[in-house]
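Numbering (the numbering used here), first residue to last: 10 to 460. Below you'll find the structure, written out as structure tokens, and then a few comments.
See the structure below:
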């Protein structure tokens, strides 16, 4: 009888072990890492290895020196205690976290690549190569990108901070249908937000500051909406779209940039509307690289563009763009430069025209077309001539739209509105054959400091 009882007890213990209760306290698909709980894991990767799809792994705050690979559909949740989050610090020169499986959640961590000798060779602190994930309330630090999303769709990236990335804070490549919202990119050596080949995504309510450039979407991105972001005090440009199309740039606040607030380069069919763009060297800039890569058919409408040195500027291969219903109150409200090549087969003859209609100009209160001064370069095989040229807003508005008045702005920003009214562009009387002088003029135009 005693033998039967002993054998039964041994069998029960064996079954308990086989059924997984040796998995350090697994209960209802929940595992714990760190902390003082009996049977908690000491390493995050060990818990991931023992988990199954649908499991949740809670991680207590301390530093975990690991390179995590998430290859199951799980939730990895950091527990915050006394304001401290768990830290995942890359042990080797690999990403600290790599998510390969769809349907994962990563929440509540500080995730760090190796910060020694940060360069383009330094992997991202976190990489995601899958779909339908939630990345929330994390801090990502160091690496060529602090956070990298590759060939992924239908992800939610929200309430994160991206900092100290070498090329960018967050970079997405060949991604679509993502929602990137309420994030902050600060203190990155390149762009704060960098989107390459992004399609059908929403980028909203983010902050980019103290980066080299704030936010850029490029390389055949299309059908994206960039709205309600605050882009300010980056070292060079605020926001840019290049080699992209059908980008909606709506209701953003872009200010305090040395080179430019918003730049459209080789981009077409974009809608720029409802933005506040101020205290930049150039408010809105359009540019093209050639007949194959031009900025065409963009609509810039209903924006408040003020207290910049130059409000609107376009140059070379920019055509059929509509500037309508904007409020313009800058030192120089608009300026342009274009050129044509005569008898040069390498440059087909093109003349690009842009349309200005019913904008409010702070320096114009006449019921006649408002002239916009610019430069036109006529290039021959052995010579070129620079001539003063004009475009026109044929029906300028005589009153600003909405609540936009200098008096109201002075109430809102009493210490920030510079006295720009008397600053003028020095334009030589004769440009003929003086390309060096012309280039000097352009350099002077875009390097003069606001007064």
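Glycine included, C-beta positions come from ideal geometry on N, C-alpha and C.
Just grab the DSSP bridge partners of residue i for me.
i           : result
residue 181 : 158, 204
residue 218 : 195, 241
residue 190 : 167, 213
residue 332 : 309, 365
residue 234 : 211, 257
residue 264 : 241, 287
residue 269 : 246
residue 226 : 204, 250
residue 277 : 254
residue 176 : Residue 176 pairs with nothing; no bridge assigned.
residue 304 : 327
Taking DSSP as the reference, what is the three-state secondary structure of residue i?
i           : result
residue 55  : helix
residue 140 : coil
residue 284 : coil
residue 296 : strand
residue 403 : coil
residue 289 : strand
residue 145 : strand
residue 427 : At residue 427, the pLDDT of 41 sits below 50, so the modelled position is not reliable and the matter cannot be decided from this model.
residue 65  : strand
residue 153 : coil
residue 74  : strand
residue 339 : coil
residue 359 : coil
residue 43  : coil
residue 319 : strand
residue 353 : coil
residue 410 : coil
residue 83  : coil
If I measure Cβ to Cβ from residue i and keep anything under 6 Å in the same chain, skipping five residues before and after, which residues do I get?
i           : result
residue 189 : 166, 212
residue 93  : 70
residue 95  : 68, 70, 87, 118
residue 62  : 81, 82
residue 178 : 155, 171, 194, 197, 201
residue 411 : none
residue 259 : 236, 282, 283
residue 292 : 270, 286, 314, 317, 320
residue 130 : none
residue 248 : 223, 224, 240, 263, 271
residue 137 : 108, 158, 161
residue 168 : 145, 146, 191
residue 185 : 162, 208, 209
Please decide whether residue i counts as near chain D, where near means a Cβ-Cβ distance under 8 Å.
i           : result
residue 154 : Chain labels in this structure do not include chain D; a single protein chain is all it has.
Within the same chain, show all residues whose beta-carbon is closer than 7 Å to that of residue i, passing over the 5 residues directly before and after it, in chain order.
i           : result
residue 360 : 349
residue 373 : 379, 405
residue 218 : 195, 241, 242, 243
residue 56  : 40, 42, 50, 66
residue 389 : 351, 352
residue 89  : 70, 117
residue 267 : 244, 245, 290
Who are the near neighbours of residue i in its chain, counting only those whose CB is closer than 8 Å to its CB and skipping five residues on each side?
i           : result
residue 215 : 189, 190, 191, 192, 193, 194, 202, 224, 238, 239
residue 399 : 380, 381, 382, 383
residue 303 : 275, 277, 297, 326, 327, 328, 361
residue 187 : 158, 161, 162, 163, 164, 165, 166, 181, 207, 210, 211
residue 307 : 273, 276, 277, 278, 279, 280, 281, 295, 330, 331
residue 105 : 75, 76, 77, 97, 98, 99, 120, 121, 122, 134, 135
residue 142 : 108, 111, 112, 113, 114, 115, 161, 164, 165
Three CB pairs or more closer than 8 Å across the region 96 to 108 and the region 39 to 51: no
Uninterrupted beta strand (DSSP E) stretches inside the region 369 to 396 (no shorter than 3 residues): 379 to 388, all fully within the region 369 to 396.
Sequence ranges, beta strand (DSSP E) only - wholly within the region 85 to 138, length at least 3: 96 to 98, 106 to 108, 114 to 116, 119 to 121, 135 to 137
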